[in-house]
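Structure first, then comments.
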Amino acid sequence: MTSIYDIKIDSLQGKPINLKDFEHKYILFVNVASKCGFTPQYKDLEKLHKDYKDKLVIIGVPCNQFGNQEPGTSDEIQEFCQVNYGVSFLITEKIDVKGEHQHPLYSWLTSKDLNGKKSSKVRWNFQKYILSPEGKLIDYYFSITKPTSSKITKHLK
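If you're matching positions, the sequence shown starts at 63 in the working numbering and goes up one per residue.
Set out below in structure tokens:
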């Protein structure tokens, strides 16, 4: 089984992110978009990031596969996140989270054969995947689940 820490992905600025740097912390992956009804969840994601920064890493993953709601360039996405929501958590390059060109990160998150826990489909923007400090998938939550929901924070207490 592939480890989550072996997967390569770049930041929004094009710099490699070493997921191994986040070993021993929870990781919350969220596919994000700037023009979605769930976009205001950026505010709660930032709150979660600040409240749990010692034990949780939030990684926003821009994706334009749901209603073309993330059409911007890397610079436009970064500016949108900072100006509108003061986002200080990590944002990756824009990727595909499903389909023929699915990024290996989302292949791992959505395939039981790879993550050892469960398979899922990314149904819309702001679907959330939480991983344990050991790099194991704990669970995933659909867009409707707020980042500050007890369904997520119970793992961080």
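Backbone N, C-alpha and C define an ideal beta-carbon position, used for all residues, glycine too.
Check: Terminal residues of the continuous beta strand (DSSP E) containing F91?; Outcome: Y88 to V94
Check: What are the complete beta strand (DSSP E) segments, minimum 3 residues, inside the segment 82 to 148?; Outcome: 88 to 94 and 118 to 124
Check: From F204 to G122, what does the alpha carbon distance come to, in whole angstroms?; Outcome: 15 angstroms
Check: Between the segment 182 to 201 and the segment 80 to 97, do at least 3 Cβ pairs fall closer than 8 angstroms?; Outcome: yes
Check: Could you spell out where the alpha helix (DSSP H) holding K180 opens and where it closes?; Outcome: Neither: K180 is in no alpha helix (DSSP H) and is coded neither H nor E.
Check: According to DSSP, is K219 helix, strand or coil?; Outcome: coil
Check: What does DSSP give as the partner residue(s) for I153 in the beta ladder?; Outcome: G122
Check: So, with DSSP's three-state summary, where would you put K208?; Outcome: coil
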